[in-house]
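Participant: In my numbering, the protein residues as written are 139 to 825.
Glycine included, every Cβ here is placed at the ideal spot set by N, Cα and C.
(1) Please name the residue, chosen from 753, 500, 718, 724, that lies closest to residue 739 on a Cα-to-Cα basis.
(2) So, do the stretch 163-173 and the stretch 367-381 have three or more beta carbon pairs nearer to each other than 8 Å?
(3) Return the Cβ separation of residue 362 and residue 344 in integer angstroms, given the expectation that the two are a contact with Cβ distance under 8 Å.
(4) When you compare each of 152, 575, 621, 270 to residue 176 by their alpha carbons, which one comes out closest?
(5) For residue 481 and residue 516, what's the separation of their Cα atoms in angstroms?
(6) With distances taken from CA atoms, which of 328, 640, 154 is nearest residue 553?
(7) Look at the alpha carbon of residue 302 and the alpha carbon of residue 290, and state the distance between them as a whole number of angstroms.
(8) From which residue to which residue does the alpha helix (DSSP H) around residue 613 run?
(9) Within 10 angstroms of the Cβ of residue 410, are there 16 or more other Cβ atoms? Answer buried if so, exposed if not.
(10) Check residue 797 in the structure and name its three-state DSSP category.
(11) Does residue 559 pass the burial test, meaning 16 or more other C-beta atoms within 10 Å, or should it be called exposed?
(12) Should residue 548 be labelled buried (16 or more other beta-carbon atoms within 10 Å of its own) or exposed?
(13) Pull up the DSSP beta-bridge partners for residue 752, would you.
(14) Which two residues bound the contiguous alpha helix (DSSP H) that contains residue 636?
(15) What span of residues does the beta strand (DSSP E) with residue 682 cover, start to end?
(16) Do residue 194 and residue 146 count as a contact pair if the criterion is CB distance below 8 Å?
(17) Restricting to Cα atoms, I'd like to know which of 801, 414, 388 is closest to residue 783.
(18) Pick out whichever of 417, 179, 299 has its Cα sitting closest to the Cα of residue 357.
(19) Per DSSP, which residues does residue 414 bridge with? Please list them.
(20) Taking only three categories from DSSP, how would you classify residue 668?
(21) Report the residue from 234, 447, 808, 777 whose alpha carbon sits nearest the alpha carbon of residue 815.
(22) Are residue 341 and residue 368 close, meaning C-beta to C-beta below 8 Å?
(23) Indicate whether residue 167 and residue 186 have their beta-carbon atoms separated by less than 8 Å.
(24) Could you give the DSSP three-state label for residue 398: helix, strand or coil?
(25) What whole-angstrom Cβ distance do residue 502 and residue 531 have, given they're in contact under 8 Å?
(26) From the DSSP output, in three-state form, read off residue 502 for me.
(27) Check residue 117 in the structure and name its three-state DSSP category.
(28) Short of 8 Å in beta carbon distance, which residues of its chain neighbour residue 150, apart from the five on each side in sequence? Order them along the chain.
(29) Ends of the alpha helix (DSSP H) at residue 486?
(30) Could you name the residues of the same chain whose beta carbon sits closer than 6 Å to that of residue 826, not counting the 5 residues immediately before and after it, in chain order?
(31) Could you check what DSSP says for residue 223 in three-state terms: helix, strand or coil?
(32) Taking its Cβ as the centre, do 16 or more other Cβ atoms sit within 10 Å of residue 154, making it buried, or is it exposed?
(33) Between the Cα of residue 142 and the Cα atoms of 220, 453, 623, 728, which residue gives the shortest distance?
(34) Within the same chain, show all residues whose beta-carbon is closer than 6 Å to that of residue 827, passing over the 5 residues directly before and after it, in chain order.
(35) Quick one, are the C-beta atoms of residue 318 and residue 310 less than 8 Å apart?
(36) Can you list the beta strand (DSSP E) stretches of 3 or more residues lying completely in the stretch 724-752, in chain order?
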């Protein structure tokens, strides 16, 4: 519900709890309705866990007040309320209890003004009688059969005609789950008195909070009881014979849609307090629930989003630094197909309103979840929306989360296939999983997994929520940053963003590679063998990119290959004319934008050929033009660009905004640039 343009919220839980942690304290918003202004519209009264009692005056219907929420199209929006005000005593002082305020509203003394029934910290019930002007007298104990009404604190009151005699009765729920009925009787002056309590039933859950309503249409009032677990349990009145009433548990209230656990239980939080009233004026009772929620979501494209300035600053920063933003889509394991489509469409709408390009984008799942009953539903819906890679999700029915379960230790990227087992390259969907969490302590170390990745030339997609670490846990971030930085240098990896990685993968998976030997080279080698001359056998590689999808973007034509000599050529070394090349552990790594030649030569010959300056790695597409005295090197993708150059001789490397690091031992220059694509020049240094 909305008040003064914001969601109604009261006291926060005193310490942080994650979504699955137990909740032991009865923090909740406790709602009641009463017309305090005399305008014929009910105002919202809410008791808070901090002991405060507040009123939100009814402001009627306001167009657009709920624009940030997704209401069913066929339903009218509920009334909105004015800003929160404390209820007051005639002196002007706030009306408060010590803690965990609960409240019900009813005219108990017959003066046509609403009175408040208030749960007290000691487990008793008090009444604050209404005064003219909306003030209330100081609370006094409320009696039943001459004795204070009491239960396990905090108690939760509700008023309604339970017995069907036309006189309101009082129902109390308490902290132990007990529900008690106090029958009402009306005096000559119209005041209500209460008889001794009758225990009706006891729930297994704590913090029972009852409400009164006929749920099955039989003309008898039933009880709907909220609990600490968040369920709303229905107990109906049935005749058990001999004029006795039985309260039959009919289970919990269910919703039309399925919740995140795969059932229809209507649960929005903990410590639920139900209340019934037609808030949108369509002639049907609406269910109002006060509860403790993990958090109240606010859509980022809502004009009332509370962090608009910070969000806009963040978006500007990413644009200025050429960083790609892509959606972090949230669905739960049982979200329906239609709900998923709507969620993704709303995400696209938010991107459009915020000026964030959607285009050919990727995602990873918030909380990792995808649909369980149909394991490809979420991925299909994302693909249909233009999302073409998902590098972070928990497959259906898997218990462990990515990064934490052994199921994810050996993940490799792959393209989702159709029923025939083939990928649809007109709408590709690439899937991958993050690497495990880096742990360096000796008992739980995962360093061996990363070392195995490197030994097998596997890509590493490292995922971390860095915002959780600021400002006190930055050393934890630096640990994995330094480790991966060293691994990059030791094994000649490139640092890339996830979208760049996905484009590179897509190019590699869909590029056809043709190996061949020109006939004249075959003939020449045969003649050399006949003459006893040294033969350097070789072959050509051609990269055929006609089938590479458009999603590969600038990474089309950036194929990387590795040549392993095998036993027949164990005594030789593989060399190439490729511009990007590196030899490590006897293997030749090379980049093949279009074509390259590979030969197998003697180690001495390989050493001589390898001494010429060349690129050893680059994380972005490039163009290289060579002249007699210099190179012109264009790094053709925005963001972070990094290239490594091997040269036994000193070089001069120039360009705007470059950082150049020289490793004398390895005879390499590592050049880094941030921002737009950049051009740099490379020349031998003057002696």
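Facilitator: This is what the structure gives:
(1) One-based indexing of the chain shown puts residue 739 at position 601. Nearest of 753, 500, 718, 724 to residue 739, Cα basis: 724.
(2) Verdict: no, contact absent.
(3) Here residue 362 refers to the residue found at position 224 when the chain shown is read from its first residue. Here residue 344 refers to the residue found at position 206 when the chain shown is read from its first residue. Contact flag wrong, Cβ pair sits at about 17 Å.
(4) Taking the chain shown and counting its residues from 1, the one referred to as residue 176 is at position 38. Each of 152, 575, 621, 270 was checked against the Cα of residue 176, and the nearest Cα belongs to 270.
(5) What you label residue 481 is simply residue 343 of the chain shown in a count that begins at 1. What you label residue 516 is simply residue 378 of the chain shown in a count that begins at 1. Cα atoms of residue 481 and residue 516: separation of roughly 11 Å, rounded to the nearest angstrom.
(6) The residue given as residue 553 occupies position 415 in the chain shown. Minimum Cα distance to residue 553 is reached at 640.
(7) For the purposes of this step, residue 302 is identified with residue 164 of the chain shown, where counting begins at 1. For the purposes of this step, residue 290 is identified with residue 152 of the chain shown, where counting begins at 1. So the two alpha carbons sit approximately 28 Å from each other.
(8) Indexing the chain shown from 1 puts residue 613 at position 475. Bounds of the alpha helix (DSSP H) holding residue 613 are 612-629.
(9) Mapped onto the chain shown, residue 410 falls at position 272. Around the CB of residue 410, 16 or more other CB atoms lie within 10 Å, so the residue is classed as buried.
(10) The count along the chain shown starts at 1 and reaches residue 797 at position 659. Strand at residue 797.
(11) In the chain shown, residue 559 corresponds to position 421, counting from 1. Residue 559 should be labelled exposed.
(12) Here residue 548 is taken as the residue at index 410 of the chain shown, counted from 1. Counting other Cβ atoms within 10 Å of its Cβ, residue 548 stays below 16 and is therefore classed as exposed.
(13) Numbered from 1 along the chain shown, position 614 holds the residue referred to as residue 752. Note: residue 752 is bridge-paired with 784 in the DSSP secondary-structure output.
(14) Within the chain shown, the letter at position 498 stands for residue 636. Note, residue 636: alpha helix (DSSP H), 636-648.
(15) Numbered from its first residue, the chain shown carries residue 682 at position 544. Boundaries of the beta strand (DSSP E) around residue 682: 676-682.
(16) Here residue 146 refers to the residue found at position 8 of the chain shown. Here residue 194 refers to the residue found at position 56 of the chain shown. Cβ atoms of residue 146 and residue 194: closer than 8 Å.
(17) The residue given as residue 783 occupies position 645 in the chain shown. Ranking 801, 414, 388 by Cα distance to residue 783 puts 801 first.
(18) In the chain shown, counting from the first residue as 1, residue 357 sits at position 219. With distances taken between Cα atoms, residue 357 lies closest to 299.
(19) As a first step, residue 414 is located in the chain shown; it is residue number 276 there, counting from the start. Partner(s): 425.
(20) Numbered from 1 along the chain shown, position 530 holds the residue referred to as residue 668. Three-state DSSP puts residue 668 in a helix.
(21) Along the chain shown, one-based indexing puts residue 815 at 677. The shortest C-alpha separation from residue 815 is found at 777.
(22) Here the question's residue 341 lines up with position 203 in the chain shown. Here the question's residue 368 lines up with position 230 in the chain shown. Taking 8 Å as the cut-off, the beta carbon of residue 341 is found no closer than this to the beta carbon of residue 368.
(23) As a working mapping, residue 167 is identified with position 29 in the chain shown. As a working mapping, residue 186 is identified with position 48 in the chain shown. The answer is yes: Cβ separation under 8 Å.
(24) Along the chain shown, read from residue 1 onward, the residue named residue 398 stands at position 260. Residue state, collapsed to three classes: coil.
(25) Looking up residue 502 in the chain shown gives position 364. Looking up residue 531 in the chain shown gives position 393. Sure, about 7 Å apart at Cβ, within 8 Å.
(26) Here the question's residue 502 lines up with position 364 in the chain shown. Residue 502 falls in the coil class under three-state DSSP.
(27) Given that the chain is displayed from residue 139 to residue 825, the structure contains no residue 117 and the question cannot be resolved.
(28) Within the chain shown, residue 150 is the residue found at index 12, counting from 1. The answer, listed in chain order, is 165.
(29) Position 348 of the chain shown, counted from the start, is the residue given in the question as residue 486. Counting along the chain, residue 486 sits inside the alpha helix (DSSP H) bounded by residues 475-492.
(30) With the chain represented from 139 up to 825, any question about residue 826 goes unanswered, as that position is not in the structure.
(31) Stepping through the chain shown from its first residue, residue 223 is reached at position 85. Three-state result, residue 223: strand.
(32) Position 16 of the chain shown, counted from the start, is the residue given in the question as residue 154. Of the other Cβ atoms in all chains shown, fewer than 16 fall within 10 Å of the Cβ of residue 154; this residue is therefore exposed.
(33) Translated into the one-based positions of the chain shown, residue 142 becomes position 4. In terms of Cα proximity to residue 142, the closest of 220, 453, 623, 728 is 220.
(34) Residue coverage of the chain in this structure runs from 139 to 825, which leaves residue 827 outside it and unanswerable.
(35) Here residue 318 refers to the residue found at position 180 of the chain shown. Here residue 310 refers to the residue found at position 172 of the chain shown. Judged by beta-carbon spacing, residue 310 lies within the 8 Å limit of residue 318, meaning their Cβ atoms are closer than that value.
(36) Runs found: 725-730, 733-739.
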